[in-house]
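Here the structure is laid out as structure tokens; the discussion comes afterwards.
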Amino acid sequence: MDDPIKQRKHNRKIRNLKTQIESLEMKIDELEHEARNKDEALIRQRKRMSMLIGGDERIRKLFEENTVLTRMLRSRENRIEFLINQLNKHNLILESPIGSEASNDSSVTLIQQEMELRDQLIAITVERDVLQRHLEAVQTHMESIHNENLELQMGMKEILDGLRQSDVTTDMVLECPSLERVCRMLENRSIYSGLNGNQNGEDLTQMILLKSELDHIRGQNEQLRIELKNLRSDFLSVIDEYTTDILNNWTMSDGDERAPTLNETNS
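Each number in our numbering corresponds to the 1-based position in the sequence shown with 1 added.
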């Protein structure tokens, strides 16, 4: 008959091994699920990054066009203000009493000048309205790009937060200084905006750094694959230990059962 204490220790060891196996299986499943999610996130970010890179020159042209249109619109408004002032001066002169033929000739000339000024005023006003509509269209487009950048910023922050949580819950140590720099820039948007004098300009600078975030996701996926490989190796080691222990126990049990039979035979 086996020693009860020895048997209890053996059973406890088997239970511990089973618990380790179950824990490793759960961890492998979790990491495989996380790896699939990261692969999907990488694909999405790569598509969005390619769109941004392809449209980078277009975005720069939009900023330049916005600046030119704003300058032209300001010039037209100044011209309109000047023409209005000139018309007001002519009106004051025309309202003065007419005392001679020379004054009549002067009045005719002033009226002609006023008509020319009014024509210029109408033309410049129409041009200003056209520029205003064009500028509004450009600004609307820029605002849509700005909103897209904000979504990307939020996505990058979520990815970094997920990485930090992963560092706490797993044994992996993931480091990516470039992603940290990008997120620090996102957290200090107002500072960079003040330096550039244009909030959208700061967004453009951040978009250029999205490449660092993509590199980080690739590195993270590689780390997950390595971790999965190590876990599978540990899993096989535990299974091997568990199997060896059971086989040894059976061998010992067979030996203990045979020993009394031999003694009885000898006696």
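Just so you know, even glycine gets a beta-carbon here, dropped at the ideal spot from N, CA and C. None of the values given here were measured: they were computed from a predicted structure.
Evaluate residue i with the Cβ neighbour count: other Cβ atoms within 10 Å of its Cβ, from every protein chain shown; 16 or more gives buried, anything less gives exposed.
| i | result |
| --- | --- |
| R119 | exposed |
| Q113 | exposed |
| L237 | exposed |
| D8 | First, the residue type needs correcting, since residue 8 is Gln and not Asp in the sequence shown. The residue is exposed, with fewer than 16 neighbouring Cβ atoms inside 10 Å. |
| S268 | Residue placement at S268 cannot be trusted, given a pLDDT of 44 that sits under 50; what the coordinates show is reported in the next sentence. Counting Cβ neighbours within 10 Å, S268 comes out exposed, since fewer than 16 surround it. |
Between residue i and residue j, what straight-line distance do the alpha-carbon atoms span, to the nearest angstrom?
| i | j | result |
| --- | --- | --- |
| A138 | Q121 | 26 Å |
| V127 | N79 | 14 Å |
| E152 | E144 | 12 Å |
| K39 | I240 | 29 Å |
| E35 | E41 | 10 Å |
| N148 | L229 | 38 Å |
| Q21 | N12 | 14 Å |
| H135 | L32 | 52 Å |
| P5 | S234 | 34 Å |
| E26 | K19 | 11 Å |
| F64 | M155 | 23 Å |
| S24 | Q221 | 23 Å |
| K90 | E117 | 14 Å |
| N62 | R72 | Checking the displayed sequence, the identity of residue 62 turns out to be Lys instead of Asn. Each residue's alpha carbon lies about 15 Å from the other. |
| I30 | K10 | It should be pointed out that residue 30 corresponds to Asp in this sequence rather than to Ile. Cα to Cα, D30 sits roughly 30 Å from K10. |
| R37 | Y243 | 31 Å |
| L84 | H142 | 33 Å |
| I227 | N17 | 26 Å |
| I15 | D246 | 8 Å |
What whole-angstrom Cβ distance do residue i and residue j have, given they're in contact under 8 Å?
| i | j | result |
| --- | --- | --- |
| L232 | K28 | 6 Å |
| R77 | R129 | 4 Å |
| L132 | L88 | Going by Cβ atoms, the distance from L132 to L88 rounds to 22 Å, so no, they are not a contact pair. |
| I81 | I123 | 10 Å between Cβ atoms; not a contact. |
| N67 | Q140 | 7 Å |
Flag residue i as yes if its beta-carbon sits less than 8 Å from any beta-carbon of chain D, otherwise no.
| i | result |
| --- | --- |
| E117 | The chain labelled as chain D is not found in the depicted structure, where only one protein chain is given. |
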